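Numbering (the working numbering), first residue to last: 22 to 158.
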């Protein structure tokens with residue numbers, strides 16, 4: 022018969038003080054694998070995990086990996102789409118006269134996309150969209 026104290030010395034059953042995490046609350050592939058291997062390591066050899074449960078957990082891991090890949094693909098798509106939209110907007114400004122928030126007028130010479138923002142080249146300086154108050158034909 023198994024000693025009760027050895028069962029509760031198992032890290033899976035040990036109560037620990039709740040701490041406030043500083044990271045995100047999402048589980049990633051590595052954390053899932055660590056949980057799965059810990060579960061396998063500390064399972065009772067006389068009462069092993071059911072095969073269907075194990076296969077279910079592996080399927081869950083596969084699904085998690087695919088969801089992470091889909092998320093990465095969507096993030097890449099959104100980033101590219103945002104840049105394309107900004108450049109298209111900027112291209113419509115080239116050659117037009119813009120008025121800044123400080124009431125200065127400039128003719129747009131070109132545009133660029135830096136640090137996730139559209140930059141407007143007016144020759145003497147570079148402006149952001151926040152600094153533009155109006156557009157003249």
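Note that CB positions come from ideal geometry on N, CA and C, so glycine has one too. Computed from a prediction, not measured in an experiment: that's the story for all the values here.
Neighbour flag for residue i against chain C, beta carbons, 7 Å
i, result
"residue 126", "Protein chains in the displayed structure number just one, and chain C is not present."
For residue j and residue i, the rounded distance between their alpha carbons
i, j, result
"residue 64", "residue 134", "54 Å"
"residue 105", "residue 132", "12 Å"
"residue 145", "residue 88", "47 Å"
"residue 81", "residue 102", "31 Å"
"residue 112", "residue 86", "39 Å"
"residue 92", "residue 99", "10 Å"
"residue 90", "residue 128", "44 Å"
"residue 54", "residue 107", "40 Å"
"residue 159", "residue 121", "Because the chain here runs from 22 to 158, residue 159 falls outside it and cannot be looked at."
"residue 51", "residue 58", "11 Å"
"residue 83", "residue 77", "10 Å"
"residue 62", "residue 73", "18 Å"
"residue 142", "residue 125", "14 Å"
Range covered by the alpha helix (DSSP H) that runs through residue i
i, result
"residue 62", "50 to 62"
Supposed contact pair residue j and residue i - C-beta distance, whole angstroms, cut 8 Å
i, j, result
"residue 115", "residue 156", "Going by Cβ atoms, the distance from residue 115 to residue 156 rounds to 11 Å, so no, they are not a contact pair."
Residue i versus the options, residue with shortest Cα-Cα distance
i, options, result
"residue 109", "128, 138 and 152", "138"
"residue 79", "130, 153 and 56", "56"
"residue 158", "122, 117, 130 and 140", "117"
"residue 130", "140, 75 and 60", "140"
Continuous beta strand (DSSP E) stretch holding residue i: start and end
i, result
"residue 115", "Taken as a continuous stretch (DSSP letters only), residue 115 belongs to no beta strand (DSSP E), as it is neither H nor E."
"residue 132", "131 to 135"
"residue 138", "138 to 142"
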